[in-house]
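Take a look at the structure set out below.
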Amino acid sequence: MTLDWTFRPGTREDADWMAELRARVMRPDLERLGVFSETRVRERFLTAFAPAHTRVIVVDGRDAGLVALRPGEDGLWIEHFSLRPEVQGRGIGAAVFAALLADPVDQGATLRLNVLQGSPARRLYERHGFVLDSEDAVDVYLRRDLRDRPSPGEGEGGNPDLSPPPEDIPPRTR
Numbered sequence: 001m002t003l004d005w006t007f008r009p010g011t012r013e014d015a016d017w018m019a020e021l022r023a024r025v026m027r028p029d030l031e032r033l034g035v036f037s038e039t040r041v042r043e044r045f046l047t048a049f050a051p052a053h054t055r056v057i058v059v060d061g062r063d064a065g066l067v068a069l070r071p072g073e074d075g076l077w078i079e080h081f082s083l084r085p086e087v088q089g090r091g092i093g094a095a096v097f098a099a100l101l102a103d104p105v106d107q108g109a110t111l112r113l114n115v116l117q118g119s120p121a122r123r124l125y126e127r128h129g130f131v132l133d134s135e136d137a138v139d140v141y142l143r144r145d146l147r148d149r150p151s152p153g154e155g156e157g158g159n160p161d162l163s164p165p166p167e168d169i170p171p172r173t174r
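In the UniProt record's numbering, the protein residues as written are 1 to 174.
The following block contains the structure:
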């Protein structure tokens, strides 16, 4: 059963809990790879955190995750896609990911992301049409040309706008 969810804009005030969530959900994979440092995970997130590109994933009225869509020279980067463990495995990740692909900021862009070697999240990305770009001992880099449509899982639910919302307009609910 998929839970009700929505996006809200990320703010500077969200940074601490987001850094904590990133450290929590990345720990098993980073430990498996022998590179876990709680301090480093938090510092890397806080250094890269850009509220203007970040959306909080709100599930049943509670902040439950985050995702960022950052413009880069080589396309749009999906970053920091994390969900609290208690909402994982309930269809939220697939629904959020489908929304990212269904309403891109730049219809002609290439979407890019990286995932840790051996992470089960890679299967989600590949189901949505991402293909291997490159890899190293720790990371797998995937890409998808947005002109390649549709992919499995797209079109589920609504179509949240990922551009920064005006302050007086609430985010759309799914």
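Don't be surprised by glycine CBs; every beta carbon is placed ideally from N, CA and C.
Within its own chain, the residues whose Cβ lies closer than 6 Å to the Cβ of D29, once the five positions on either side in sequence are excluded, are L116 and S119, listed in chain order. Per DSSP, the beta-bridge partners of W5 are V59. Per DSSP, G75 lies in no alpha helix (DSSP H) segment; the continuous beta strand (DSSP E) that holds it begins and ends at G75 to L83. Spanning the alpha carbons of S134 and L66 requires a straight line of approximately 25 Å.
Closest in C-alpha terms to G91, from the list L111, R112, A121 and A109, comes A121.
The C-beta of V140 has 16 or more other C-beta atoms within 10 Å across all chains shown, which makes the residue buried.
In the DSSP secondary-structure assignment, V115 is bridged to V140. Per the DSSP secondary-structure output, A68 pairs in a beta bridge with T54 and E79.
Assigned with DSSP and collapsed to three states, V25 falls in helix. Distance check between A48 and each of E73, V58, G34 and M18 places M18 closest, using alpha-carbon atoms only. Comparing alpha-carbon positions, the option among E126, P85, E73 and L111 lying closest to R144 turns out to be L111. Ranked by how close their Cα comes to the Cα of A109, the residues D136, R123, G93 and I78 have I78 in first place. With at least 16 other beta carbons inside 10 angstroms of its own, R55 counts as buried. Excluding sequence positions up to five before and after A23, its CB lies within less than 7 Å of the CB of E38, V41 and R42, all in the same chain and listed in chain order.
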